[in-house]
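These notes concern the structure reproduced below.
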Amino acid sequence: MLLNTFFLALREIRRNVLRSFLTILGIVIGVSAVIVMVTIGGGATAQVTDQIASLGSNLLMIRVGQHMGPGQSSTAPSFDLDDAHALYREIPAITAVAPSSSQKVTAVYGNANWSTTTTGVDNGFFSVRNWTVQSGRQFLDSELRSGKAVCVVGATVVKELFGQQDPMDAKIRLGNFSCQVIGVLEAKGQSTFGSDQDDLVLVPLRTFQRRISGNQDISLIQVSVAEGRSTDKAKSDIEFLLRERRHISGSENDNFQVRDMKEITKMLTGTTQILTTLLGAVAAVSLLVGGIGIMNIMLVSVTERTREIGIRLAIGALEREVLLQFLVEAVVLSSFGGLIGILFALAASIGLASLLKIPFIFNPGIMVIAFLFSAAVGVIFGFFPARKAARLNPIDALRHE
Amino acid sequence: MTSQLQTEGHPLVELQGVSKVYGRGTAAMKALRGVNLRIDEGEFVAVMGPSGSGKSTCMNILGCLDTPTEGKYLFKDVEVGALTRDQRALLRRHHLGFVFQGFNLLNRTSALENVELPLIYRGVKVEERHSRASKALALVGLAGWEYHTPGELSGGQQQRVAIARAIVTEPAILLADEPTGNLDTARSIEIMELLTSFNQEQGITIIMVTHEQQMAHFASRVVQFQDGLVLADKANGETL
Ligand SMILES: Nc1ncnc2c1ncn2[C@@H]1O[C@H](COP(=O)(O)OP(=O)(O)OP(=O)(O)O)[C@@H](O)[C@H]1O
Ligand SMILES: [Mg+2]
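Protein chains in written order, with the numbering used here: chain A, 3 to 403; chain B, 120 to 359.
Structure below.
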């Protein structure tokens, strides 16, 4: 009987090619949309996490101000160079300190000009942020001390200002002073959020303070913690020292913040997770739309099928034989659609991942979920109208309009 | 002579005070009001009567497609009302053949597959199924039309497919509700001759609804319905 029913179901599928095709199409769309979106979202998250890990987990960033909502500004005083020196001197876990200050300026060379970020640094910056000077050199101590007009430029700035020309020893204008290029940084490429990490000009901190900002302020101190030393301990040491230096009494809150990469990682992955959730929501909607498509096809065909059920019952089919036939039909269509959807989604995800330059991460969980959901939709909407019809008196099923 | 056969034969189906009410309350419609009817094995009965007199309702009850509101329906002395849904389905499967006025064939399904359908539910093996279905089609004069779908067949041909489907299982009883309602006289007479041959050669009991006196002449007994009751019940010999 089971075999017979299976055979009857396959015959019905073959006989109603259009209806079967539309049902399968609905399932394919639903399943593949969900899988593609979730896979892409997962790939983006993995990429972010990877990039942060490559920055090094021993980096701490110290900024002025409270952690505040957008639009709020801080009136807390800036750091100065002494703060940076004190950190290096007093906290043994710190192996390198990089005080810095940045501002947007327009760099000009010949006819070319380019709006970029100029950052005043000392040589600690190169080691703390893992920058390699590709050609030329870092700053000399004498240049740092005297605030000489020299600079090290990033790959993007070289490209924009010099094109194919050799930038070495050339003089570029930064705002209202001109300085000599003494080094070029090795390219790092795009950061996680698509900002260009190579779009920068480095000048000695003192040069920056004198020629660009006109004050002694330092907005950011980045420090490296020695391998094997706890960043949490270093963090609390830094907080203790800076509270003392900034005369913050016990009850007051910090007016600066120390962040380690763990927090930043958390924040960034949080953002990409929101992205993934959003994509997932969009996908869920497409799954729903696919489901409604399946539902409609199933329900539209119910009139014809109710008559069919009436005929089968009148001929002597048992209720359960009719139900089994419809169940097999729905299961076969749904699983077939689901499998095609999964294959299609795999191809599309791999293609999209390489197009967007994010890693492709195989996620069997979402495939199972998407598959089960559309199978359930197919089965529920194929099966329940049929069940309703199969419970009628044969004559009522036959009379159904 | 036929009336003697009638009383001496073994009762195949029997309705005892059967009534059928459609709808409820003020919309209730009493289609049958206490019908008593006994039909014996081997009879060929024509059911006649004005439109709305309850003929189809009665046929549907006899065919186990519908259930009476009141009264008893005995099939071979078994009370059908006491059976479960599945038992009634099995009764239809093994003992009844039904021909509908509106054919009720499966669309987009070949004549052969339509005729095979009751055999599938009986669990008949493929080869036997094919040969029996082909034979049934040949019997109704549709040899060579096996692979045509209902859409490709004329009304008369569709009716013959429906008859082939009803007799392919060699049922004890064939119920036909206006089997010639859609056909011209020549086609109708062909169908009647077919039914007569089933009745006489295979001993299938036949109950047939018809509006036409000419078709009723093929039967051995005529039951006249009026307002949900049996008005007259005569052997055909008496009317002739
Ligand atoms: N499903 C139904 N619901 C409500 N009333 C019905 C239903 N089927 C039949 N009736 C009513 O029951 C009465 C008997 O109907 P039935 O179909 O048995 O008549 P009939 O003798 O077969 O008529 P006809 O010769 O026109 O086929 C009619 O008045 C009809 O309106
Ligand atoms: Mg009728």
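Where a beta carbon is used, it is the ideal one built from N, C-alpha and C, also for glycine.
Note that the coordinates shown come from a computational prediction; the quantities given were computed from them, not determined experimentally.
Simplified DSSP assignment, three categories, for residue i
i	result
residue 254/B	helix
residue 132/B	strand
residue 300/B	coil
residue 158/B	strand
residue 307/A	helix
residue 114/A	strand
residue 182/A	strand
residue 346/A	helix
residue 139/B	strand
residue 338/A	helix
residue 21/A	helix
residue 109/A	strand
residue 291/B	coil
residue 50/A	helix
residue 173/A	strand
residue 97/A	strand
residue 187/A	strand
residue 333/B	helix
residue 361/A	coil
residue 319/A	coil
residue 262/B	coil
residue 150/A	coil
residue 325/A	helix
residue 8/A	helix
residue 166/A	coil
For residue i, the first and last residue of its enclosing alpha helix (DSSP H)
i	result
residue 183/B	Element bounds for residue 183/B: n/a, residue is neither H nor E.
residue 79/A	Run containing residue 79/A: none; DSSP gives neither H nor E here.
residue 404/A	The structure shown does not extend to residue 404/A, since chain A is modelled only from 3 to 403, so the question has no answer here.
residue 274/B	274-286
residue 210/A	Counting along the chain, residue 210/A falls outside any alpha helix (DSSP H), and DSSP gives it neither H nor E.
residue 234/B	230-240
residue 400/A	396-401
residue 379/A	366-392
residue 214/A	Run containing residue 214/A: none; DSSP gives neither H nor E here.
residue 244/B	Where residue 244/B is concerned, there is no enclosing alpha helix (DSSP H), given that its DSSP letter is neither H nor E.
Any non-hydrogen atom of ligand 2 within 7 Å of residue i CB
i	result
residue 76/B	The first residue shown for chain B is 120 and the last is 359, placing residue 76/B beyond what the model contains.
residue 273/B	no
residue 296/B	yes
residue 245/B	no
residue 328/B	yes
residue 149/B	no
Residue i - containing beta strand (DSSP E), residue span
i	result
residue 340/B	340-345
residue 138/A	135-138
residue 360/B	No information on residue 360/B is available, as it lies outside the stretch 120 to 359 that chain B covers here.
residue 360/B	Residue 360/B lies beyond the range of chain B shown here (120 to 359); nothing can be said about it.
residue 166/B	163-167
Beta-bridge partners of residue i, as assigned by DSSP
i	result
residue 198/B	193/B
residue 102/A	222/A
residue 202/A	119/A
residue 149/B	140/B
residue 218/B	295/B
residue 63/A	224/A and 261/A
residue 155/A	186/A and 203/A
residue 192/A	198/A
Any non-hydrogen atom of ligand 1 closer than 7 Å to residue i Cβ
i	result
residue 174/B	yes
residue 344/B	yes
residue 171/B	yes
residue 192/B	no
residue 266/B	no
residue 142/B	yes
residue 401/A	yes
heavy atom of ligand 3 below 7 Å from residue i C-beta
i	result
residue 25/A	The model on display carries ligand 1 and ligand 2 but not ligand 3.
- Message: For the structure I just gave you, are there three or more beta carbon pairs, one from the region 204-216 of chain A and one from the region 119-133 of chain A, closer than 8 Å?
- Response: yes
- prompt: Quick one: any contact between the region 9-27 of chain A and the region 167-186 of chain A, if contact means 3 or more CB pairs under 8 Å?
  reply: no
* Okay, do the region 386-403 of chain A and the region 344-356 of chain A touch, 3+ Cβ pairs below 8 Å being the bar? -> no
Is the region 277-292 of chain A touching the region 29-41 of chain A, taking contact as three or more C-beta pairs under 8 Å?
yes
Is the region 154-172 of chain A in contact with the region 225-235 of chain A, if contact means three or more CB pairs nearer than 8 Å?
-> no
Quiz prompt | the region 288-300 of chain A / the region 377-384 of chain A touching (three or more Cβ pairs under 8 Å) | solution = yes
Open item on the list: Taking contact to mean 3 or more Cβ pairs, one atom from each stretch, closer than 8 Å, check whether the region 264-273 of chain B and the region 212-230 of chain B are in contact.
Closed with: yes
| message | I'd like to know if the region 126-140 of chain B and the region 164-184 of chain B are in contact, where contact means that at least 3 CB-CB pairs between them fall below 8 Å. | response | yes
Sufficient close CB pairs (3 or more, under 8 Å) joining the region 315-327 of chain B to the region 235-255 of chain B: no
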